[in-house]
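Novice: As they're listed, the protein sequences go chains A and B. My numbering puts the first sequence at residues 1 to 110. My numbering puts the second sequence at residues 1 to 115. Sending over a structure as C-alpha cells; questions will come in a sec.
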Amino acid sequence: AQRVTQPEKLLSVFKGAPVELKCNYSYSGSPELFWYVQYSRQRLQLLLRHISRESIKGFTADLNKGETSFHLKKPFAQEEDSAMYYCALRGSGGYNKLIFGAGTRLAVHP
Amino acid sequence: DTEVTQTPKHLVMGMTNKKSLKCEQHMGHRAMYWYKQKAKKPPELMFVYSYEKLSINESVPSRFSPECPNSSLLNLHLHALQPEDSALYLCASSQEPSGSYNEQFFGPGTRLTVL
Numbered sequence: 001a002q003r004v005t006q007p008e009k010l011l012s013v014f015k016g017a018p019v020e021l022k023c024n025y026s027y028s029g030s031p032e033l034f035w036y037v038q039y040s041r042q043r044l045q046l047l048l049r050h051i052s053r054e055s056i057k058g059f060t061a062d063l064n065k066g067e068t069s070f071h072l073k074k075p076f077a078q079e080e081d082s083a084m085y086y087c088a089l090r091g092s093g094g095y096n097k098l099i100f101g102a103g104t105r106l107a108v109h110p
Numbered sequence: 001d002t003e004v005t006q007t008p009k010h011l012v013m014g015m016t017n018k019k020s021l022k023c024e025q026h027m028g029h030r031a032m033y034w035y036k037q038k039a040k041k042p043p044e045l046m047f048v049y050s051y052e053k054l055s056i057n058e059s060v061p062s063r064f065s066p067e068c069p070n071s072s073l074l075n076l077h078l079h080a081l082q083p084e085d086s087a088l089y090l091c092a093s094s095q096e097p098s099g100s101y102n103e104q105f106f107g108p109g110t111r112l113t114v115l
C-alpha cells in the first residue's frame, strides 16, 4: 500500500528552537517525496522535494530509505514558519498523483 | 500569469441545484487536477487530466462531472450533491502529467457548502 504518515497533528515550539516535522512513508520501489506548506489564508505550495536536495527558507529534508522517512528540519524556527505542513508521495501508475499525509500544524511562539 | 485561478471563491448550493466550478491556468501546463479537501484533512485527488483527456478518476461519484474544454481551462460540474460533499475544492496544474520535477501549482480553492 502507498501511504504517508505524519504522526503529529500539532507541533508547538518557541522562536529560535529547532524544528523537526516527521514523515514516514510506505511505498514499493523508489519513492518521490515532497513537502507542501499552507500558510494562513494562502494556497498550498511546494516547499521541498527530495530530488533537488535543496534548502528552502532554512528547511531541509533528507530521504532515509532504511527508515522510510522524510523528516523536515529547521535549526531555528521563526514565527513566520507557522503553517500547515503536508508530506506527500508521488504515487505509482505513471501520472503525477500525489498522496498526502494528514498534515502537521506548526505553531511558532514568540 | 503564473497562477492557477479558481472561481467562485465560495459557493452555497442546494441538493437539487446544478452548479460549476472553474479553474484556469495560463502557464502552458498540460496536466490539471481536481482535489477535495475536507476540514482539517489533507487534499484527496479526484481527477487528473492529461493533454485535455481524463486520465485518472479516483472512483468519484457521478454527481461530480469534470470537463476540460481546452488546455487552460478545467471545470467541475456539480449536480444533486449531498451535504457531505461540502468541502474545499482545489485545482492544480503541472507542466507535464508524469515524470520528475513536475511541481503541482495549486489554486486558492472554492469553498463549497451543500445545504
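By construction, the Cβ of each residue, glycine as well, lies at the ideal position given by its N, Cα and C atoms.
Select from the region 43-59 of chain B all residues with a C-beta closer than 9 Å to any C-beta belonging to chain A, and list them in chain order.
Specialist: Against chain A - using a Cβ distance shorter than 9 Å - the residues of the region 43-59 of chain B are 43, 44, 45, 48, 50, 55, 56 and 58.
Novice: At a Cβ threshold of 7 Å, is residue 31 of chain B touching chain A?
Specialist: As a first step, residue 31 of chain B must be located in the second sequence, where it is residue number 31. Yes, residue 31 of chain B lies at the interface with chain A (some Cβ there is under 7 Å from its Cβ).
Novice: Any C-beta of chain B sitting closer than 7 Å to the C-beta of residue 58 of chain A?
Specialist: Working through the first sequence from its first residue, we reach residue 58 of chain A at position 58. Not one chain B Cβ lies under 7 Å of residue 58 of chain A.
Novice: Which of the residues in the region 92-105 of chain A, read from start to end, lie with their CB under 7 Å from any CB of chain B?
Specialist: Answer in chain order: 94, 95, 96, 97, 98, 100, 101, 102 and 103.
Novice: Hey, does residue 75 of chain B have any beta-carbon neighbour from chain A nearer than 7 Å?
Specialist: Numbered from its first residue, the second sequence carries residue 75 of chain B at position 75. Residue 75 of chain B does not count as touching chain A.
Novice: Of all the options A:110, A:109, A:101 and A:108, which has the alpha carbon lying nearest to the alpha carbon of residue 7 of chain A?
Specialist: Sequence index remark: in the first sequence, residue 7 of chain A carries index 7 (1-based). Taking only the C-alpha atoms, the option nearest residue 7 of chain A is A:101.
Novice: Roughly how many angstroms separate the alpha carbons of residue 12 of chain A and residue 67 of chain B, rounded to a whole number?
Specialist: Mapped onto the first sequence, residue 12 of chain A falls at position 12. Mapped onto the second sequence, residue 67 of chain B falls at position 67. Their Cα atoms are separated by approximately 42 Å.
Novice: Would you report the Cα separation of residue 59 of chain B and residue 5 of chain A, rounded to the nearest angstrom?
Specialist: Start at 1 with the first residue of the second sequence, and residue 59 of chain B comes out as number 59. Start at 1 with the first residue of the first sequence, and residue 5 of chain A comes out as number 5. Spanning the two alpha carbons is a distance of roughly 23 Å.
Novice: Given this structure, state the Cα-to-Cα distance separating residue 64 of chain B from residue 57 of chain B, to the nearest angstrom.
Specialist: Residue 64 of chain B sits at position 64 when you count from the first residue of the second sequence. Residue 57 of chain B sits at position 57 when you count from the first residue of the second sequence. One C-alpha to the other measures close to 10 Å.
Novice: Residues of chain B with a CB under 9 Å from the CB of residue 10 of chain A: which are they?
Specialist: Against the first sequence, residue 10 of chain A aligns to sequence position 10. Those within 9 Å of residue 10 of chain A in chain B number zero; the least Cβ separation is about 11 Å.
Novice: Give me the chain B residues within the contact set of residue 43 of chain A, using Cβ-Cβ distance strictly less than 9 Å, ordered along the chain.
Specialist: Numbered from its first residue, the first sequence carries residue 43 of chain A at position 43. 3, 4, 90, 105, 106, 107, 108 and 109, listed in chain order.
Novice: May I ask which residues mark the beginning and end of the beta strand (DSSP E) holding residue 37 of chain A?
Specialist: Taking the first residue of the first sequence as position 1, residue 37 of chain A is located at position 37. Per DSSP, residue 37 of chain A belongs to the beta strand (DSSP E) from 33-38.
Novice: Just how far apart, CA to CA, sit residue 117 of chain A and residue 104 of chain B?
Specialist: Outside the displayed range of chain A (1 to 110) lies residue 117 of chain A, so it cannot be described from this structure.
Novice: In this structure, how does DSSP classify residue 42 of chain B when only helix, strand and coil are distinguished?
Specialist: Taking the first residue of the second sequence as position 1, residue 42 of chain B is located at position 42. Looking at residue 42 of chain B - three-state DSSP - the assignment turns out to be coil, as it is neither helix nor strand.
Novice: Between residue 86 of chain A and chain B, is the shortest Cβ-Cβ distance under 7 Å, so that the two count as touching?
Specialist: Translated into positions along the first sequence, residue 86 of chain A becomes position 86. Closer than 7 Å to some Cβ of chain B, the Cβ of residue 86 of chain A qualifies, so yes.
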